[in-house]
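Undergrad:
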Amino acid sequence: MGIFQNPNLKSKFTSFQISCNRKARKIGCRLGKFLDNVMCKIHVEKNSSTAEEEDVFYSPRSSMDLQVEYDCGICTEMKAVYDFFDIKGCSHIYCIECTLNYIKSKLDDNICSIKCPEPNCEGVLDPEFCREILPRSLFNRWGKSLCESAFLGSEKFYCPYKDCSVLLINDGRRFIEKFKCPFCKRTFCVRCKVAWHSGMSCARFQKLEPLGSEALFADLAKRKKWRRCPHCQNYVGKSFGCNYIKCRCGKAFCYYCGSSSVNNSILGCYDCRR
Numbered sequence: 001m002g003i004f005q006n007p008n009l010k011s012k013f014t015s016f017q018i019s020c021n022r023k024a025r026k027i028g029c030r031l032g033k034f035l036d037n038v039m040c041k042i043h044v045e046k047n048s049s050t051a052e053e054e055d056v057f058y059s060p061r062s063s064m065d066l067q068v069e070y071d072c073g074i075c076t077e078m079k080a081v082y083d084f085f086d087i088k089g090c091s092h093i094y095c096i097e098c099t100l101n102y103i104k105s106k107l108d109d110n111i112c113s114i115k116c117p118e119p120n121c122e123g124v125l126d127p128e129f130c131r132e133i134l135p136r137s138l139f140n141r142w143g144k145s146l147c148e149s150a151f152l153g154s155e156k157f158y159c160p161y162k163d164c165s166v167l168l169i170n171d172g173r174r175f176i177e178k179f180k181c182p183f184c185k186r187t188f189c190v191r192c193k194v195a196w197h198s199g200m201s202c203a204r205f206q207k208l209e210p211l212g213s214e215a216l217f218a219d220l221a222k223r224k225k226w227r228r229c230p231h232c233q234n235y236v237g238k239s240f241g242c243n244y245i246k247c248r249c250g251k252a253f254c255y256y257c258g259s260s261s262v263n264n265s266i267l268g269c270y271d272c273r274r
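For the sequence shown, the UniProt record's numbering gives the first residue as 1, with consecutive numbering after it.
(1) Output the boundary residues of the alpha helix (DSSP H) element that contains residue 106.
(2) Straight-line CA distance for residue 39 to residue 151?
(3) Can you name, in chain order, every residue of its own chain whose Cβ lies under 6 Å from the Cβ of residue 260, other than the five neighbours on each side?
(4) What's the C-alpha gap between residue 134 and residue 232?
(5) Looking only at C-alpha atoms, which of 202, 164 and 72 sits nearest to residue 85?
(6) Based on DSSP bridge pairs, tell me the residues matched to residue 252.
(7) Would you identify the three-state DSSP class for residue 204, choosing helix, strand or coil?
(8) Using the three-state DSSP reduction, which class does residue 148 fall into: helix, strand or coil?
(9) Out of 203, 94, 90 and 128, point me to the one whose CA is closest to residue 192's CA.
(10) Could you tell me which residues DSSP puts in a beta bridge with residue 193?
(11) Within its chain, find whatever has a CB closer than 7 Å to the CB of residue 123; leave out the 5 residues flanking it on each side and keep chain order.
(12) Going by DSSP in three states, residue 224 sits in which element: helix, strand or coil?
(13) Just tell me which of 169, 249 and 161 has its CA closest to the CA of residue 187.
(14) Mapping DSSP to helix, strand and coil, what is residue 286?
(15) Can you tell me whether residue 99 is buried or exposed? The criterion is at least 16 other CB atoms within 10 Å of its CB, across all chains shown.
(16) Exposed or buried, residue 68, counting other C-beta atoms within 10 Å across all chains shown (16 or more means buried)?
(17) Output yes or no for whether 7 Å exceeds the beta carbon distance between residue 112 and residue 137.
(18) Among the residues of its own chain, which have a CB less than 6 Å from the CB of residue 255, if the five just before and after it don't count?
(19) Starting from the C-beta of residue 74, find all residues in its chain whose C-beta is less than 7 Å away, skip the five residues before and the five after it, and write them out in chain order.
(20) DSSP has residue 158 in a bridge; who is on the other side?
(21) Just confirm the distance between the C-beta atoms of residue 176 and residue 190, as a whole number of angstroms; I'd bet it's less than 8 Å.
(22) Relative to the alpha-carbon of residue 183, which residue among 208, 105, 167 and 196 has its alpha-carbon at the smallest distance?
(23) What does a CB cutoff of less than 8 Å around residue 249 pick up in its chain, not counting 5 residues either side in sequence?
(24) Classify residue 130: buried if its beta carbon has 16 or more other beta carbons within 10 angstroms, exposed otherwise.
(25) For residue 128, which residues in the same chain have their Cβ closer than 7 Å to its Cβ, ignoring the five residues on either side in sequence?
(26) CA-CA distance, residue 78 and residue 206?
(27) Are the CB atoms of residue 159 and residue 181 nearer to each other than 7 Å?
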């Protein structure tokens, strides 16, 4: 098939290429936004038999002779026209890989309302608009972040157990302190955001918690009236029976006074006589 050169030849070829790529990438009318950035390269072979005519005959050698590219605004590399994604509400375009990396970096920074990478631009990105290029995991993650952001910070809290960490919503109808997670079924303190500190007030826990786990354990041992073995210093608890205690280290001591001057449960302690 022959095509005669005329002032509109370049735009006709470009429109034809755009139409083909539109079917593959569902470009639609959005391609018109970035035509100013498109570089069109048309390789043609001149027909010598009509060289002297006003309209010169040309014939493309192959479909590869016509190449349409654009400059990605993020990686600044030349990309094929089918490898692009435009931003909703503006005329900026970026390659698909850069768009995905940009979205992921924003979500990593806990930003779910994502705007165009161009500074001061009003263009926006949202999961539904980007769905055709998003992996399922990234789409779900983005949607989850948007749902969580819809609630005020005072209304939401998370299960403190690391293997659960589910989002929970406080409807504000009543004050909650001790709460059982409906998912993992474990109890925790809503105020302190930790596993339930049985027998300890929130005020005391918050005072000891900065001192570390050893301080919390020592306070628990004190409240439970546990004794420390005078030989190995491990804590030992007694639920019933006499004061003669044999530690797991193999040594015996008096549970009442902590003395190691004890021989057996019959004779009792030589120090406190109990």
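In this text, a Cβ means the ideal position worked out from N, Cα and C, and glycines have one as well. Fair warning: this is a prediction, and the values are worked out from it, not measured in the lab.
TA: So, from the listed chains and residues:
(1) In the sequence shown, the residue the question calls residue 106 occupies position 106. Counting along the chain, the alpha helix (DSSP H) containing residue 106 begins and ends at 96–108.
(2) Indexing the sequence shown from 1 puts residue 39 at position 39. Indexing the sequence shown from 1 puts residue 151 at position 151. Any reading at residue 39 needs caution, since the residue's pLDDT is 38, under 50, leaving its predicted position unreliable; the model's value is listed next. Residue 39 and residue 151: Cα-Cα distance of roughly 47 Å.
(3) In the sequence shown, counting from the first residue as 1, residue 260 sits at position 260. Same-chain partners within the cutoff: 230 and 253.
(4) Taking the sequence shown and counting its residues from 1, the one referred to as residue 134 is at position 134. Taking the sequence shown and counting its residues from 1, the one referred to as residue 232 is at position 232. Approximately 59 Å, taken between the alpha carbons.
(5) Here residue 85 corresponds to residue number 85 of the sequence shown, with the count starting at 1. With distances taken between Cα atoms, residue 85 lies closest to 72.
(6) Locating residue 252 in the sequence shown gives position 252, where the first residue counts as 1. Per DSSP, 246.
(7) Sequence index remark: in the sequence shown, residue 204 carries index 204 (1-based). Three-state DSSP puts residue 204 in a helix.
(8) Stepping through the sequence shown from its first residue, residue 148 is reached at position 148. Looking at residue 148 - three-state DSSP - the assignment turns out to be helix.
(9) Start at 1 with the first residue of the sequence shown, and residue 192 comes out as number 192. When only C-alpha atoms are compared, the closest one is 203.
(10) Numbered from its first residue, the sequence shown carries residue 193 at position 193. In the DSSP output, where bridge partners are listed per residue, residue 193 has none listed.
(11) As a working note, residue 123 is residue 123 in the sequence shown. Result list for residue 123: 87, 88, 89, 90, 92, 115 and 116, in chain order.
(12) Translated into the one-based positions of the sequence shown, residue 224 becomes position 224. Reduced to three states, the DSSP call for residue 224 is helix.
(13) For the purposes of this step, residue 187 is identified with residue 187 of the sequence shown, where counting begins at 1. Nearest C-alpha to residue 187: 161.
(14) There is simply no residue 286 to check, as the chain begins at 1 and stops at 274 in what is shown.
(15) Here residue 99 corresponds to residue number 99 of the sequence shown, with the count starting at 1. Under this definition residue 99 is a buried residue.
(16) Locating residue 68 in the sequence shown gives position 68, counting from the first residue. With 16 or more other Cβ atoms within 10 Å, it is buried.
(17) Taking the sequence shown and counting its residues from 1, one reaches residue 112 at position 112. Taking the sequence shown and counting its residues from 1, one reaches residue 137 at position 137. Their beta carbons are not under 7 Å apart, which means residue 112 does not touch residue 137 by this criterion.
(18) Taking the sequence shown and counting its residues from 1, the one referred to as residue 255 is at position 255. Contacts found: 227, 238, 243 and 245.
(19) The residue you call residue 74 lines up with position 74 of the sequence shown. 94, 98, 102 and 117, listed in sequence order.
(20) Stepping through the sequence shown from its first residue, residue 158 is reached at position 158. 167, per the DSSP bridge assignment.
(21) Translated into the one-based positions of the sequence shown, residue 176 becomes position 176. Translated into the one-based positions of the sequence shown, residue 190 becomes position 190. That pair is a contact at about 5 Å.
(22) Translated into positions along the sequence shown, residue 183 becomes position 183. The option with the nearest alpha carbon to residue 183 is 167.
(23) In the sequence shown, residue 249 corresponds to position 249, counting from 1. Only 229, 231, 232 and 234 meet the Cβ criterion.
(24) On the sequence shown, position 130 is the one that residue 130 refers to. So residue 130 ends up on the buried side.
(25) Reading the sequence shown from its first residue, position 128 is the one you call residue 128. So no residue of the chain qualifies.
(26) Along the sequence shown, one-based indexing puts residue 78 at 78. Along the sequence shown, one-based indexing puts residue 206 at 206. Taking the straight line joining both Cα atoms gives about 57 Å.
(27) Residue mapping note: residue 159 aligns to position 159 of the sequence shown, counting from 1. Residue mapping note: residue 181 aligns to position 181 of the sequence shown, counting from 1. Yes.
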